[in-house]
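Chains as they are written, first to last, in the working numbering: chain X, 1 to 652; chain B, 653 to 1304.
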């Protein structure tokens, strides 16, 4: 099924093949029994190998020796999920977050000064945004940088324990410098959140005066990453260390920025950092693919319980219950793969245009941010759920670290709450839907939670997904018989209706919060009582985006039999999605009881039909044999089953 | 809320308080950063402390120095979930499984000979049932023990790699002996599965000749337990090592048993070992309680995002989305606590009667087994889901090992697939429902999967839950106005209807499999296509049992305000359960669309109403302060928030 793989690989297929051919890739993995310090050391060494091999260069500007391939940087990051997730996250901290912050927020001189050392790892660094007291609400960070015109320095301070930078990768062991997100003060005035480069350790690795580093210690997973806490006590850095693309301080302390509104400046800055979220999302899809590759291969080798009238045991993947555990999840990974591919293309096109000095429509940038937030929420929750299902589907074998599933689960668990807590991200998506991209930008003051009800123009319901267009296109193509639940146009219409209805209802529920003279408490109560509705609206919207991407992805496939298979996978995705929320569709009269039962029957039928293709479908993820690692997926179980059956035969 | 706690504590409340007062309990926990070997050593030492303190004696017969308190042994095991889960599982292997096998399957002489050394840990042992090739299908184990009348010994052999005993706790490091489950052969005949005690290591810890032990290595969790693989090559053990309560071999090799049918003998033996399943179930409830204690306390301390019109940040547990994440799960833990209490009582009463030489109705024994299987499936899946939700609700803090949630998740993850895979256990429950307890016992030949469709009497639908009786009782008490979704009688009737309808439908779907002359392939196809229906029927039945237990549990509470609170928690449990499956209730015309929406609204309202009691509800689990351990739950977060607010105030 080379054609399926090619379709899944998308625009960066050549790069994917290039990375697949890395001969030493299977060595880039650490035995999970390794203790924390040894694990960190091993990951540090492997990171050096990646740096030496030029793995870091993809996304950086050509002016400083990079390849200028932003999409490629996300794809090459994603493929590290097949190696070791600690290595992947560590590389993401160094090149994606630390390097990315300098790239996105620094000026060309700053690029030239620091990025080469970032790429070749002579300057290991941290991305110090999150504080103990403030995770997803970055705008509220409490660390300060106060400009001192006498010495032309910034003085960086951590006023309270809550204001410590926390969970910072590279902090506990290796980092020499950090991009620290601070409230910037000059001439007694606050200018909002900015990033300042602060040296942490000298060349010998000694922590510098005024810097306080503590270790976050052992974690549920990712123990090869040296997360730690940073506090600063009157640490002075030169004026030139302010990453000043969006705001600078003159020698005399005068603040200037091309963006007047502090809010707008903040969100422009955050928007420039969107690549981190896109990368985590890709990693989640990669990890899910690997887990499913292992579980499906095992499910094809493993036999359990004899069939009636014989001693032959049944292959576990032949049981409907086992198919139900694995195949709808597999279909969803396909769907999210296509959604992720579109997201990466969008990121690449927008940021490449901007780096080349071109103009990017602000609406399109907002769309990218919303899509990145939403896709990341879907992919990371999916990874958590499906890796868990894979672990259970492999029983005790799945619990052994040698078979990777447990560690994949533990390593990816934090994805749902870092780079933005998923629940907060969904609210951001919903907020975008309600307020419309055309609204006064200044209203995006917190990440879509409480305050927004106070000042939104709730009447403007923005464009939704392209589902509506897709529905129309599909209608134009064929008669769209609605009798068949596999009719794509019917599935699309159903999801489109749900999105529209959910959003309309949400706007109606929130509108009273805009009444004049309403108290703050009452506003909060109105918002809060609709919060589950808000989250539902965001999900309905995102489900539409994903289905749309799946359909578009299939359109890029020219091989007829591969297309036919992908259509079936898409049916399983769409129908299991509808089945999951059948309560809503029934409640709102969108489907009849008979139709609802037909959907469940069809999901079962699709599981049965796709069963013979399960192995081909996971093979199409294109994970090279020697990377898979797990013995149960690479011959051990099959060999044991063969031996046991030969032995049984010898006794007869 | 001492009254709530007393109600939750149930019949063994005195023992619970006794264990709570253990002063050194908080020391019984290992730093998760500890490497595998050091972790194992630490757990071994702690197990010795437990043994020295008499922790082991509860469940063993008074004749050998035990307390003869079977329920107490389960409860004391459960409470170790608050300490270290590796320690808990290790203690379960030693006293529950190894000691339990000798107790349940051995004769009084064998008890006297071995149990004292089991209790005081001078004889560390293993429970070697599972094989690499056979997990839940124990009846198919391939290890053999062949009687040699010349030497009056059994010769134990592992014919293939699949037949290795696998995941065996105490095997890799500490075990000196194992209760090995084998196919017993004598005089050329097979007599089915029996357990034989096989020495593994000598007094110096050297592995004995013919015994092959390999290490299962690092695992996702429970790394303080030394799981390993055992293979036997012509290992000879004396005739007296056969645990022969249900089948013995005379010196000349003549086999005899009081139970003629091999099937029946097998299931009688398995039934005697039901305590393991009950214990795992209790541990899952304990772990869920601990996770919720941590997450709710953190949710009460943590603040994030400012409210409209002020700088005061909102306590995260005040957000509906956060309540939705935690409170329905908390209500379910309450429900499962009551179900678990009933299960332990049932186990205690039945096994105490039997140990005293009394007669136990076979139907009641089957009920116990079915209930243990089903409750274990519900509680362990619940633990996985709710600990995950707690981790996410605590964000990055939840990912740090010091806050315990990550390790709780990883340690308990295997619960869903050990002591019987949950999916297989649900099939066992469904099978019991269909076949009726009165059926020919010989039909229970495999754990309710494939073969059973071939030979079941599908017309007999057995008694279901006591839900029907509860419904009638509630109707007798009050008018049962069905307008109010909080009306218990309405909730009960709804669940009862679902159970009846699902079961009837299942029987209808399976009946064609009994047609004469039907092929084996067709039989399998019929069974397989209804497998999801089968699992649904089991769940519907179990949900009824749990609600029934909750209602009965509330009845034991005499304090009026505690009762009122428990009623609300029960409402949240019942309504969130119904909401979760609203698709089914709508599809089958059991609720109207308007009623369905009212249920969702009511779940939200209950979250709001219970919010002020959240802390009291987790405190009622009665986990002593110093056992909780997690800094975020024991003051650190509160202190930081106070400091941050004081600092902010000082700036104004």
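Each residue gets a CB set at the ideal place from its N, CA and C atoms; glycine is no exception. Given the structure is predicted, the values throughout are model-derived calculations rather than measurements.
Following the continuous alpha helix (DSSP H) through residue i, name the residue where it begins and the one where it ends.
i, result
"residue 695 (chain B)", "688 to 704"
"residue 1309 (chain B)", "This structure leaves residue 1309 (chain B) out entirely; chain B is present only between 653 and 1304."
"residue 956 (chain B)", "First-last for residue 956 (chain B): 955 to 958, but that is the beta strand (DSSP E), not the alpha helix (DSSP H)."
"residue 751 (chain B)", "751 to 757"
What are the start and end residues of the beta strand (DSSP E) that includes residue i?
i, result
"residue 818 (chain B)", "817 to 820"
"residue 147 (chain X)", "144 to 148"
"residue 183 (chain X)", "177 to 186"
"residue 230 (chain X)", "228 to 232"
"residue 213 (chain X)", "211 to 215"
"residue 127 (chain X)", "125 to 128"
"residue 154 (chain X)", "153 to 157"
"residue 849 (chain B)", "841 to 851"
"residue 887 (chain B)", "887 to 890"
"residue 1027 (chain B)", "Here residue 1027 (chain B) belongs to no beta strand (DSSP E); instead the alpha helix (DSSP H) covers 1014 to 1045."
Among the options, whose alpha-carbon lies nearest the alpha-carbon of residue i?
i, options, result
"residue 157 (chain X)", "X:282, X:183 and X:106", "X:183"
"residue 844 (chain B)", "B:898, B:907, B:879 and B:914", "B:914"
"residue 934 (chain B)", "B:997, B:1125 and B:976", "B:997"
"residue 353 (chain X)", "X:79, X:619, X:69 and X:111", "X:69"
"residue 204 (chain X)", "X:646, X:334, X:122 and X:155", "X:122"
"residue 830 (chain B)", "B:778, B:790 and B:876", "B:778"
"residue 758 (chain B)", "B:887, B:698, B:894 and B:723", "B:894"
"residue 999 (chain B)", "B:923, B:1043, B:981 and B:703", "B:923"
"residue 1154 (chain B)", "B:1209, B:1186, B:1181 and B:1302", "B:1186"
"residue 404 (chain X)", "X:266, X:627, X:600 and X:319", "X:627"
"residue 491 (chain X)", "X:432, X:572 and X:531", "X:572"
"residue 602 (chain X)", "X:483, X:526, X:78 and X:141", "X:483"
"residue 669 (chain B)", "B:1188, B:710, B:891 and B:1275", "B:1275"
For residue i and residue j, which I take to be in contact (beta-carbon distance under 8 angstroms), what is that distance rounded to the nearest angstrom?
i, j, result
"residue 569 (chain X)", "residue 339 (chain X)", "So it is not a contact: roughly 14 angstroms between Cβ atoms."
"residue 132 (chain X)", "residue 1292 (chain B)", "6 angstroms"
"residue 411 (chain X)", "residue 28 (chain X)", "No, residue 411 (chain X) and residue 28 (chain X) are not in contact; Cβ-Cβ is about 14 angstroms, not under 8 angstroms."
"residue 275 (chain X)", "residue 74 (chain X)", "7 angstroms"
"residue 653 (chain X)", "residue 1180 (chain B)", "With chain X running from 1 to 652 in the structure shown, residue 653 (chain X) is simply not present."
"residue 1206 (chain B)", "residue 1219 (chain B)", "6 angstroms"
"residue 658 (chain X)", "residue 152 (chain X)", "Residue 658 (chain X) lies beyond the stretch modelled for chain X, which goes from 1 to 652, so this question has no answer here."
"residue 1024 (chain B)", "residue 929 (chain B)", "5 angstroms"
"residue 557 (chain X)", "residue 104 (chain X)", "Incorrect: roughly 35 angstroms between the Cβ atoms, too far for contact."
"residue 883 (chain B)", "residue 832 (chain B)", "The Cβ separation is near 11 angstroms, so there is no contact."
"residue 247 (chain X)", "residue 149 (chain X)", "Actually they are not in contact, since the Cβ atoms of residue 247 (chain X) and residue 149 (chain X) sit about 17 angstroms apart, beyond 8 angstroms."
With distances taken between CB atoms, is the gap from residue i to residue j smaller than 7 angstroms?
i, j, result
"residue 385 (chain X)", "residue 1075 (chain B)", "no"
"residue 819 (chain B)", "residue 782 (chain B)", "yes"
"residue 968 (chain B)", "residue 1067 (chain B)", "no"
"residue 871 (chain B)", "residue 298 (chain X)", "no"
"residue 229 (chain X)", "residue 214 (chain X)", "yes"
"residue 947 (chain B)", "residue 978 (chain B)", "yes"
"residue 417 (chain X)", "residue 1054 (chain B)", "no"
"residue 850 (chain B)", "residue 889 (chain B)", "yes"
"residue 124 (chain X)", "residue 176 (chain X)", "yes"
"residue 1081 (chain B)", "residue 1022 (chain B)", "yes"
"residue 285 (chain X)", "residue 89 (chain X)", "no"
Counting Cβ pairs closer than 8 angstroms, one from the region 658 to 668 of chain B and one from the region 682 to 702 of chain B, do we hit at least three? no
Quick check: the region 1237 to 1248 of chain B against the region 1016 to 1032 of chain B, are there 3 or more CB pairs under 8 angstroms? no
Is there contact here, the region 760 to 775 of chain B with the region 711 to 719 of chain B, by at least three beta-carbon pairs under 8 angstroms? yes
Would the region 545 to 553 of chain X count as touching the region 1194 to 1214 of chain B if we require 3 or more Cβ pairs under 8 angstroms? no
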